[in-house]
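Colleague: Protein sequences, first through last, are from chains A and B. What the first sequence shows, in our numbering, is residues 1 to 124, in sequence order. What the second sequence shows, in our numbering, is residues 125 to 248, in sequence order. Let me give you the structure first, and then I'll get to my questions.
2 protein chains.
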Amino acid sequence: MRVTTQRVEIFREVASSCEHPDAETVYERVKERLPNISFDTVYRTLASLEDMDMIFRVDSMLPKARFDADRRPHNHFLCVKCGEVYDIFPEDGYEVKIPENSKKFGEIKDVNLQVRGICNKCRH
Amino acid sequence: MRVTTQRVEIFREVASSCEHPDAETVYERVKERLPNISFDTVYRTLASLEDMDMIFRVDSMLPKARFDADRRPHNHFLCVKCGEVYDIFPEDGYEVKIPENSKKFGEIKDVNLQVRGICNKCRH
DNA sequence: ATACTTAATAAGAATTATTCTTAATAAGGT
DNA sequence: ACCTTATTAAGAATAATTCTTATTAAGTAT
Numbered sequence: 001m002r003v004t005t006q007r008v009e010i011f012r013e014v015a016s017s018c019e020h021p022d023a024e025t026v027y028e029r030v031k032e033r034l035p036n037i038s039f040d041t042v043y044r045t046l047a048s049l050e051d052m053d054m055i056f057r058v059d060s061m062l063p064k065a066r067f068d069a070d071r072r073p074h075n076h077f078l079c080v081k082c083g084e085v086y087d088i089f090p091e092d093g094y095e096v097k098i099p100e101n102s103k104k105f106g107e108i109k110d111v112n113l114q115v116r117g118i119c120n121k122c123r124h
Numbered sequence: 125m126r127v128t129t130q131r132v133e134i135f136r137e138v139a140s141s142c143e144h145p146d147a148e149t150v151y152e153r154v155k156e157r158l159p160n161i162s163f164d165t166v167y168r169t170l171a172s173l174e175d176m177d178m179i180f181r182v183d184s185m186l187p188k189a190r191f192d193a194d195r196r197p198h199n200h201f202l203c204v205k206c207g208e209v210y211d212i213f214p215e216d217g218y219e220v221k222i223p224e225n226s227k228k229f230g231e232i233k234d235v236n237l238q239v240r241g242i243c244n245k246c247r248h
């Protein structure tokens, strides 16, 4: 895995943002520093970084994939109206409890808890 | 909301399946009974049924949306290798525990817990 | 330092899932 | 049976993402 300027910049962009940017946003921002970057490179690199567990794809139910580089355990509040994703950092000692029989389907790699609702901004 | 043949057949198709079919699968199957059904009608109707909380969209991280008409509380095991979705019906008394501070982001409508891993079939 | 090998890239075409447009159809009320 | 209007079929359009191909540059060997 070669360390290219594009990869470094794309990772830095996701890692320095707490807004769970989508591919287009990453592209627009990295383009300011690397004007020749292509859309394909952004998509390809985001996929590679995801494979390496350096970033995660946020499950947003919206057509655009969004990314998160924060590896601290946390959950997401998804606004079903505007699509905004907010980080929920659980209180100390919190742990997601999964059903006992989850493991009968296979080997568990990850658990994803998403809270959906109307965010404060959308409630006026 | 008019009760059309198409709507009835589309709902029946999702409701009678436990495989969380995608729009294309629903289209193919309903087409056997209604040969003139259009793709657009399937998409539009699935969206309407979702609005009416008669069916739900399954969060699969895959490009195709999948649907579920089972309104019993349950969770999903998603195989990250083949994309298959399995229903997890939790043992009696189980309830998803969400972080205390989830509600500070807005009004909670729904909680979604997804277990990801490699399913038994993909482990050989 | 310089050359070499090959993975990674840019550019834009292609693909996939989904949504839109428009004229025709049929549900449910009159 | 008729009328109104929501719903539909058909296919074009769009949006997000992925693929193709020739070019470039990272990391290694010289």
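Cβ coordinates follow ideal geometry from the N, Cα and C atoms, glycine included.
If you draw a straight line from the C-alpha of A15/A to the C-alpha of R136/B, how long is it?
Modeller: In the first sequence, residue 15/A corresponds to position 15, counting from 1. In the second sequence, residue 136/B corresponds to position 12, counting from 1. Using only the alpha carbons, I get a separation of about 45 Å.
Colleague: For P63/A, does the count of other Cβ atoms within 10 angstroms reach 16, so buried, or fall short, so exposed?
Modeller: Looking up residue 63/A in the first sequence gives position 63. Exposed, since its Cβ has fewer than 16 Cβ neighbours within 10 Å.
Colleague: Could you tell me which residues DSSP pairs with Y210/B in its beta bridges?
Modeller: The residue you call residue 210/B lines up with position 86 of the second sequence. DSSP output for Y210/B lists F201/B as bridge partner(s).
Colleague: For C203/B, which of R126/B, P145/B, C246/B, D146/B has the nearest alpha-carbon?
Modeller: Numbered from 1 along the second sequence, position 79 holds the residue referred to as residue 203/B. If we check each option's Cα against that of C203/B, C246/B comes out closest.
Colleague: For R119/A, which residues does DSSP report across the bridge?
Modeller: In the first sequence, residue 119/A corresponds to position 119, counting from 1. For the record, residue 119/A in the displayed sequence is Cys; it is not Arg. For C119/A, which the question treats as bridged, DSSP gives the partners G230/B.
Colleague: Count Cβ pairs between the segment 96-115 of chain A and the segment 232-239 of chain B that sit closer than 8 Å; are there 3 or more?
Modeller: Yes: at least three Cβ pairs fall under 8 Å.
Colleague: D22/A and A65/A look like a contact to me (Cβ under 8 Å); what is the Cβ gap, rounded to whole Å?
Modeller: For this step, residue 22/A is matched to residue 22 along the first sequence. For this step, residue 65/A is matched to residue 65 along the first sequence. Confirmed, about 6 Å.
Colleague: Would you kindly check if the distance between the Cβ of I88/A and the Cβ of P223/B is under 8 Å?
Modeller: Translated into positions along the second sequence, residue 223/B becomes position 99. Translated into positions along the first sequence, residue 88/A becomes position 88. Yes, the pair counts as a contact, with Cβ atoms nearer than the cut-off.
Colleague: Using 8 Å for Cβ pairs, my map puts K221/B next to K97/A. What's the rounded Cβ distance?
Modeller: For the purposes of this step, residue 221/B is identified with residue 97 of the second sequence, where counting begins at 1. For the purposes of this step, residue 97/A is identified with residue 97 of the first sequence, where counting begins at 1. Their Cβ separation, rounded to whole angstroms, is 5 Å, which keeps K221/B and K97/A in contact under 8 Å.
Colleague: Tell me whether L237/B sits in a helix, a strand or coil according to DSSP, three-state version.
Modeller: Sequence index remark: in the second sequence, residue 237/B carries index 113 (1-based). Strand at L237/B.
Colleague: Buried or exposed, going by whether 16 or more other CB atoms sit within 10 Å of the CB of E156/B?
Modeller: Reading the second sequence from its first residue, position 32 is the one you call residue 156/B. Looking at its Cβ environment, which holds fewer than 16 other Cβ atoms inside 10 Å, E156/B is exposed.
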